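Novice:
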Amino acid sequence: MSPAPNAAGMRKAVWMGAILVAGGFWTAFDAISAWRTGAMIHRLSAPALEPWAALGMAILAILMGILLVLAGLGILKSRGGPPG
Numbered sequence: 307m308s309p310a311p312n313a314a315g316m317r318k319a320v321w322m323g324a325i326l327v328a329g330g331f332w333t334a335f336d337a338i339s340a341w342r343t344g345a346m347i348h349r350l351s352a353p354a355l356e357p358w359a360a361l362g363m364a365i366l367a368i369l370m371g372i373l374l375v376l377a378g379l380g381i382l383k384s385r386g387g388p389p390g
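One point on numbering: in the numbering used here, the residue at position 2 of the sequence shown is 308, and numbering is uninterrupted.
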C-alpha cells in the first residue's frame, strides 16, 4: 500500500503551476503585441526572442502549469510504480 500524498508538496505543485500559467499568459500577451509591431521580446537576462518562438514557449509554459495544477489537486494521478 502506498503512503498518503504529502499535502505540502501538493500545495506547492498547485502554486508552481499557477505561477507558470500566469507567466505563460503574460509572455503570450507580449508575444502577440510584439507580432503586430515586429519587435523582439526581451525577458529578464535571456536573449531576445522572435514573437513566434516566445508564443510557442508561452503555450508550453501554460500546458506545463495546467499539468502541475492537476497533479497538485490530485486529478492527475500516477497509475502505479514501475513495471516488474
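Think of the CB as a built atom: it goes at the ideal place given N, C-alpha and C, for glycine as much as any other residue.
Remember, predicted model here, so these are calculated numbers, not experimental data.
(1) Given a cut-off of 8 angstroms on the beta-carbon distance, is the pair residue 356 and residue 346 in contact?
(2) How many Å lie between residue 382 and residue 374 at the Cα?
(3) Using the rule of at least 16 other Cβ atoms within 10 Å of the residue's Cβ for burial, across every protein chain shown, is residue 361 buried or exposed?
(4) Shortest alpha-carbon distance to residue 335 belongs to which of 322, 323 and 349?
(5) Does DSSP put residue 347 in a helix, in a strand, or in coil?
(6) Expressed to the nearest angstrom, what Euclidean distance is found between the alpha-carbon atoms of residue 377 and residue 363?
(7) Whole angstroms are fine: how far does the CA of residue 368 sit from the CA of residue 325?
(8) Could you please give the first and the last residue of the uninterrupted alpha helix (DSSP H) stretch that includes residue 374?
Specialist: So, from the listed chains and residues:
(1) Taking 8 angstroms as the Cβ cut-off, residue 356 and residue 346 qualify as a contacting pair.
(2) Cα to Cα, the separation comes out at about 9 angstroms.
(3) Buried, because 16 or more other Cβ atoms sit within 10 Å of the Cβ of residue 361.
(4) Residue nearest to residue 335 within the set 322, 323 and 349 is 349 (criterion: CA-CA distance).
(5) In the structure shown, residue 347 sits in a strand (DSSP, three-state: E or B).
(6) If you take the alpha carbons of residue 377 and residue 363, they lie about 21 angstroms apart.
(7) One C-alpha to the other measures close to 9 angstroms.
(8) Unbroken alpha helix (DSSP H) run through residue 374: 357-379.
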